[in-house]
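**Student:** Protein chains in written order, with the numbering used here: chain P, 1 to 322; chain W, 323 to 626. Pasting a structure here, questions to come.
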Amino acid sequence: MGLNRSTLLAFLLIAALIAVPFAAPYIGGNYIITQATRVVIFGIVALSLDLLIGRSNLVSFGHAAYFGLGGYVVAIASFHLANDIPLLGWAGSNEALVVWPLAMLVSGLAALVVGALCLRTSGVYFIMITLAFAQMIYFIFVALKFYGGDDGLSMRSRNLFAGERITNATTFYWICLGALALCLLVQWRLIVSRFGRVLSGGAANERRMAAMGYSIYAYRLVAFVIAGMMAGLAGALYANLNRFASPDMMSWLLSGEFMVMVIMGGVASLFGPIIGAAVFLLVETSLSGATEHWQIFFGPFVLLIALYAPRGVWGLVRGGGK
Amino acid sequence: MQLLIEQLLNGLQLSLTLFLLAAGLTLVFGIMGVINLAHGSLYMLGAYAGASVAAKLGNPWMALPSALLASALVGIVMEYLIVRPLYARDHLAQVLATFGLILFFNGFIAWAVGRPPIMMDTPAALSGFIEILPGLPYPTYRLAVMGAGVCVALGLWYIIARTRLGMLIRAGSDKRDMVEALGVNIAVLFTLVFGLGALLAGLAGVMVAPIRSVQVGMGEQVLITTFVVIVVGGIGSIRGAFIGSLLIGMCDTLGRAYAPILLKLWLSGSIADGFGAALASIMIYLVMAIVLIVKPRGLFPVGG
């Protein structure tokens, strides 16, 4: 019974995401498409963060750093191309099939370095240190006046996709949805594989996994890097959506909001984080539309979720304990 | 030389502010096992309560008691209503709940006072300069802040090392169950410790209010720096918090003053300025990274 209800919810979510471009002309046009694109992009980030929080019991409070790095890679590559300033001999690029993988690579490398340090610790140390290193990356970009510093970096146009311009909001939405589908597939394969079982085994009882001969550190580091790469891809998409990257994409506030999305949707569930992203953006948009001081209401809302609904929407629908 | 002395004093002053925050945060974590992100909000509330009461009454001296009262009261209410249910929960729930509190406090202040930064006057008696060395004037207020910081640090040491309350705090951070089994009312102890931490945070907030601008979000930046301090010092250790505060406060201040100057020895002017600013702002995180490589549980690890 429980399984059926959650399967139904997953199907509803997929159907809704596919239906958006067809329904959009009747319910708000490009505005709805743009909002749905944000849901999809934040869904990718939340999904990747759940690989750490939900599957590995690693509460990373710095996920926005990898998201922002991905955005900056795209914006910087486009900046060098547009202004004809070579970057260490490279002319820059505006081709999505070049810069998006590059964004994932850079975010993944950053996650490798930060993860290698953070994973030496655990528990509350891990939370504080991931936050601190994200803040460090944030400050580096604030100080980089060449790339706009505090003000961020605008892109003259969206990336080309295989040489084609992406001017249409609907086309861009499909591309983002495709990226989300790809990430879902990767995450699902990871979770059902031996790799995923070692991760969740380590989350349940680290010592037992060590006794079984698994180096849980290496598994966690790989998970941290994969999550960072997915966040980097999402950042590249988000920079394209807004044609803009700024240090705000790396702020601790956004890291916290990503965590809220994961919990709100439901930890350790494939579709939960995506639902969380949708609910989060819906609540945020409607509250901030109603009052300038929306945080007064949003804060207690987050608090209530933390206290009374720790398994999120997915947990409520699925019902019962795990 | 004069620059160095001035920067050392500034660094000491930052260190003492950080210590007031780190001591409260590390006590709360060490004893109750709660990670409280809203600690920075208590710092902000102290600054706002002080600045607005001082402006309303026209008497800057009233800032201190009102800030202490406001932050301690809010802290105690917060502990009773929100933190108490979190003791038994995992860190994720604690982080999320206190993140919600930050959003609430920031929204509340923006609504009640407004987003533009507000200023607070220093008391007239403390607004001048004192010549600490021939030809080196230093603001009296900053000296007073340092004096107060040292007094509070000593007072805290006295409470923790020499009083019955301190004995319970030390025992509680070591073996909480045992203290409870011996008949100590642990709930009251927790509220007291949380209130004490809130009081110290409010004190730090009101003391820096005349030096920095008082604005929404001031708490989070200092909170993250405080995290760096207690990670370096070792979570739960007051001594670690003190040494960590000195290390981080000095590194940050001296880094900001000297990184651009040192880089100019190798690089051309504008590039050195750019890199210097970036290097200065990440200096404390580099220190943290080095400490983590050498001692993953901080300089003064607590427990096993």
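Ideal placement from N, C-alpha and C gives every residue a C-beta, glycine not left out. This structure is a prediction, so every number in the text was calculated from the model and none was measured.
1. State buried or exposed for P/Arg156, treating a residue as buried only when at least 16 other CB atoms are found within 10 Å of its CB.
2. Verify whether the separation of the beta carbon atoms of P/Gly265 and P/Arg318 is less than 9 Å.
3. From this set, P/Ser200, P/Phe11, P/Glu95, P/Ala231, which residue's C-alpha is nearest P/Gly70's C-alpha?
4. Buried or exposed: P/Leu47, going by 16 or more other Cβ atoms within 10 Å of its Cβ?
5. Could you check where the beta strand (DSSP E) with W/Pro461 kicks off and where it finishes?
6. Excluding sequence positions up to five away, which residues of its chain have a Cβ less than 6 Å from the Cβ of W/Asn358?
7. Can you name the residues of chain W whose CB is closer than 7 Å to the CB of P/Trp252?
8. Using beta-carbon positions only, say whether P/Gly149 and P/Phe141 come within less than 9 Å of one another.
9. Can you grab the Cα-Cα spacing for the pair W/Ala475 / W/Leu342, in whole Å?
10. Look up W/Ile557 in the DSSP assignment and say whether it is helix, strand or coil.
11. Would you call the region 378-391 of chain W and the region 217-231 of chain P touching, i.e. three or more CB-CB distances under 8 Å?
12. What does a CB cutoff of less than 6 Å around W/Thr339 pick up in its chain, not counting 5 residues either side in sequence?
13. Just list the residues that DSSP pairs W/Val536 with in beta bridges.
14. Alpha carbon to alpha carbon, what distance is there between P/Val262 and P/Tyr308?
15. Is the CB of P/Leu8 under 9 Å away from at least one CB in chain W?
16. When you compare the region 538-557 of chain W with the region 361-371 of chain W, are there three or more beta-carbon pairs, one atom per stretch, that lie closer than 8 Å?
17. By the criterion of Cβ-Cβ separation under 8 Å, what are the contact partners of W/Ala466 in chain P?
18. Is W/Phe451 helix, strand or coil by DSSP?
19. For the region 193-204 of chain P against the region 21-28 of chain P, do three or more pairs of beta-carbon atoms, one drawn from each stretch, fall closer than 8 Å, so that the two count as touching?
20. So that I know if they touch, is there some Cβ in chain W lying closer than 9 Å to that of P/Trp294?
21. According to the neighbour-count rule (16 or more other Cβ atoms, all chains shown, within 10 Å of its Cβ), is W/Gln324 buried or exposed?
22. Does the beta carbon of W/Gln416 come closer than 9 Å to any beta carbon on chain P?
23. Counting contacts by CB-CB distance shorter than 9 Å, is W/Gly380 in contact with chain P?
24. For P/Leu13, name the three-state secondary structure that DSSP assigns.
25. Among the candidates P/Ile27, P/Leu49, P/Ile18, P/Leu282, whose CA atom is the shortest distance from the CA of P/Ala341?
26. Are the C-beta atoms of P/Ala306 and some chain W residue less than 9 Å apart?
27. If contact means a Cβ-Cβ distance below 9 Å, which residues of the region 601-621 of chain W contact chain P?
28. Suppose you measure from the CA of W/Val345 to the CA of P/Ala77; what does that come to, to the nearest Å?
29. Counting only beta-carbon atoms, is P/Ala143 nearer than 9 Å to chain W?
30. Could you compute how far the alpha carbon of W/Glu453 sits from the alpha carbon of W/Gly494?
31. Listing by chain order, which chain W residues have their CB less than 8 Å from the CB of P/Arg165?
32. In the DSSP output, which residue or residues are listed as bridge partners for P/Glu95?
33. So, with DSSP's three-state summary, where would you put P/Trp90?
34. Spatial neighbours of P/Leu8 within its chain, please: C-beta separation below 7 Å, excluding the five flanking residues on both sides.
35. At what residues does the alpha helix (DSSP H) containing P/Ala257 begin and finish?
36. Mind listing which residues of the region 426-438 of chain W have their C-beta closer than 8 Å to chain P's C-betas, in chain order?
**Tutor:** Let's see:
1. Residue mapping note: residue 156 of chain P aligns to position 156 of the first sequence, counting from 1. Classification for P/Arg156: exposed.
2. Working through the first sequence from its first residue, we reach residue 265 of chain P at position 265. Working through the first sequence from its first residue, we reach residue 318 of chain P at position 318. The answer is no: Cβ separation not under 9 Å.
3. Within the first sequence, the letter at position 70 stands for residue 70 of chain P. Answer by Cα proximity: P/Ala231.
4. As a position in the first sequence, residue 47 of chain P is number 47, starting the count at 1. It counts as buried.
5. The residue you call residue 461 of chain W lines up with position 139 of the second sequence. For W/Pro461, the uninterrupted beta strand (DSSP E) run begins and ends at 458-461, by DSSP.
6. Here residue 358 of chain W refers to the residue found at position 36 when the second sequence is read from its first residue. Excluding positions up to five away in sequence, the list reads Val350, Thr420.
7. Mapped onto the first sequence, residue 252 of chain P falls at position 252. Using a Cβ-Cβ cut-off of 7 Å, P/Trp252 is close to Glu542, Ile546 of chain W, given in chain order.
8. Along the first sequence, one-based indexing puts residue 149 of chain P at 149. Along the first sequence, one-based indexing puts residue 141 of chain P at 141. In contact: P/Gly149 and P/Phe141 (Cβ atoms closer than 9 Å).
9. Position 153 of the second sequence, counted from the first residue, corresponds to residue 475 of chain W. Position 20 of the second sequence, counted from the first residue, corresponds to residue 342 of chain W. Rounded to whole angstroms, W/Ala475 and W/Leu342 show a C-alpha spacing of 8 Å.
10. Numbered from 1 along the second sequence, position 235 holds the residue referred to as residue 557 of chain W. In the three-state DSSP reduction, W/Ile557 falls in the coil class, being neither helix nor strand.
11. no
12. The residue given as residue 339 of chain W occupies position 17 in the second sequence. Ala526, Val530, listed in sequence order.
13. In the second sequence, residue 536 of chain W corresponds to position 214, counting from 1. In the DSSP output, where bridge partners are listed per residue, W/Val536 has W/Ile440.
14. Indexing the first sequence from 1 puts residue 308 of chain P at position 308. Indexing the first sequence from 1 puts residue 262 of chain P at position 262. Roughly 15 Å between the two C-alpha positions.
15. On the first sequence, position 8 is the one that residue 8 of chain P refers to. It does not; no Cβ of chain W falls within 9 Å.
16. yes
17. Here the question's residue 466 of chain W lines up with position 144 in the second sequence. Simply none; closest approach about 30 Å.
18. Against the second sequence, residue 451 of chain W aligns to sequence position 129. Here W/Phe451 sits in strand by DSSP.
19. no
20. Position 294 of the first sequence, counted from the start, is the residue given in the question as residue 294 of chain P. With 9 Å as the cut-off, P/Trp294 counts as an interface residue toward chain W.
21. Here residue 324 of chain W refers to the residue found at position 2 when the second sequence is read from its first residue. In the assembly as shown, W/Gln324 is an exposed residue. Its beta-carbon has fewer than 16 other beta-carbons within 10 Å.
22. As a first step, residue 416 of chain W is located in the second sequence; it is residue number 94 there, counting from the start. At least one C-beta of chain P is nearer than 9 Å to the C-beta of W/Gln416.
23. The count along the second sequence starts at 1 and reaches residue 380 of chain W at position 58. It does not; no Cβ of chain P falls within 9 Å.
24. Walking along the first sequence from the start, residue 13 of chain P turns up at place 13. Looking at P/Leu13 - three-state DSSP - the assignment turns out to be helix.
25. Residue 341 of chain P cannot be examined here, being either before or after the span of chain P that is shown, 1 to 322.
26. Position 306 of the first sequence, counting from 1, holds the residue named residue 306 of chain P. At least one chain W Cβ lies under 9 Å of P/Ala306.
27. Listed in chain order, the positions of the region 601-621 of chain W with a beta carbon within less than 9 Å of a beta carbon of chain P are Leu601, Ala602, Ser603, Ile604, Ile606, Tyr607, Leu608, Met610, Ala611, Leu614, Ile615, Pro618, Arg619, Gly620.
28. Counted from its first residue, the second sequence places residue 345 of chain W at position 23. Counted from its first residue, the first sequence places residue 77 of chain P at position 77. The sequence shown places Ala at residue 345 of chain W, rather than the Val named in the question. Computed Cα separation, rounded: 45 Å.
29. Locating residue 143 of chain P in the first sequence gives position 143, where the first residue counts as 1. Taking Cβ atoms only, chain W reaches closer than 9 Å to P/Ala143, which makes this a yes.
30. Translated into positions along the second sequence, residue 453 of chain W becomes position 131. Translated into positions along the second sequence, residue 494 of chain W becomes position 172. Whole-angstrom Cα-Cα distance: 46 Å.
31. For the purposes of this step, residue 165 of chain P is taken as residue 165 along the first sequence, with counting starting at 1. Ordered by position in chain W, no residue passes the 8 Å Cβ test against P/Arg165, which lies about 34 Å from the chain.
32. The count along the first sequence starts at 1 and reaches residue 95 of chain P at position 95. According to DSSP, which records beta bridges pairwise, P/Glu95 is partnered with P/Leu160.
33. Indexing the first sequence from 1 puts residue 90 of chain P at position 90. Strand, per DSSP.
34. Looking up residue 8 of chain P in the first sequence gives position 8. Result list for P/Leu8: empty, nothing under 7 Å.
35. Taking the first sequence and counting its residues from 1, one reaches residue 257 of chain P at position 257. In the sequence as displayed, the identity of residue 257 of chain P is Glu instead of Ala. Membership of P/Glu257 in the alpha helix (DSSP H) is indicated by the continuous run 252-265.
36. Phe426, Phe427, Asn428, Gly429, Phe430, Ala432, Trp433
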